[in-house]
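One structure is given below, encoded as structure tokens.
Residue numbers (my numbering): 45 to 227.
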């Protein structure tokens, strides 16, 4: 039994590093590690499994594919049921859903604080993965965002082409002039 738990923890940590996601305290009927994934994260999960199995060929995995909406619905129902047997060992999920899961089902998740160096991740990603000072998820993306703007509206407001060094000035000006522009 202890050997099985060690194998599962090792696999979970490897998959965490390669894929990221939430890790659950699941009552396993077998030694199989079940991963729920959506859309493009399925490929990442399958690649992580392949990498892990090179050195651990006897560990069995099952990657279950869902659409994002299906994954969220099935996961919420499984958590709300109160039965851990319907849960995966690993779920690859979006940041914006995690705090809600942690708030109501904190005891279902594994504290990974001692297994990962949070300095390897952006602060805002660690914040979304942490609850009650416990790291309960592994970030798996950088949360890239972009600002697109219409140059004609910017110029109409009295600004020229935006330069990287002027972002703070631009943001401050937008806050002071908020509501004064007709658009």
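Using N, Cα and C, we set each Cβ at its ideal position, and we do this for glycine too.
Checklist entry - Exposed or buried, what is residue 150 when buried is set at 16 or more other beta-carbons lying within 10 Å of its beta-carbon? => result exposed
Checklist entry - If residue 123 sits next to residue 155, beta carbons under 8 Å apart, how far is it from one beta carbon to the other, in whole angstroms? => result Not quite, the Cβ-Cβ distance comes to about 17 Å (not below 8 Å), so this is no contact.
Next on the checklist: Assuming the contact rule is C-beta atoms closer than 8 Å, residue 241 and residue 107 should be a hit. Round their C-beta distance to whole Å, please.
Outcome noted: Missing from the structure shown is residue 241; the chain here goes from 45 to 227 and no further.
Checklist entry - Helix or strand or just coil, what does DSSP make of residue 170? => result helix
Checklist entry - Can you give the Cα-Cα distance for residue 111 and residue 191, rounded to whole angstroms? => result 27 Å
Item to check | Secondary structure of residue 124, DSSP reduced to three states | outcome: helix
Checklist entry - Quick one: is residue 182 buried, meaning 16 or more other Cβ sit within 10 Å of its Cβ, or exposed? => result buried
Next on the checklist: I'd like to confirm the pairing. Which residues does DSSP put opposite residue 87 in its beta bridges?
Outcome noted: Bridge partners of residue 87: none, in fact.
Checklist entry - According to the Cβ coordinates, are residue 109 and residue 86 closer than 7 Å? => result yes
Item to check | residue 195 versus residue 202 - alpha carbon distance | outcome: 11 Å
Item to check | Sub-7 Å separation of residue 130 and residue 77 beta-carbons | outcome: no
Next on the checklist: Could you pull the DSSP bridge partners for residue 175 from this structure?
Outcome noted: 178
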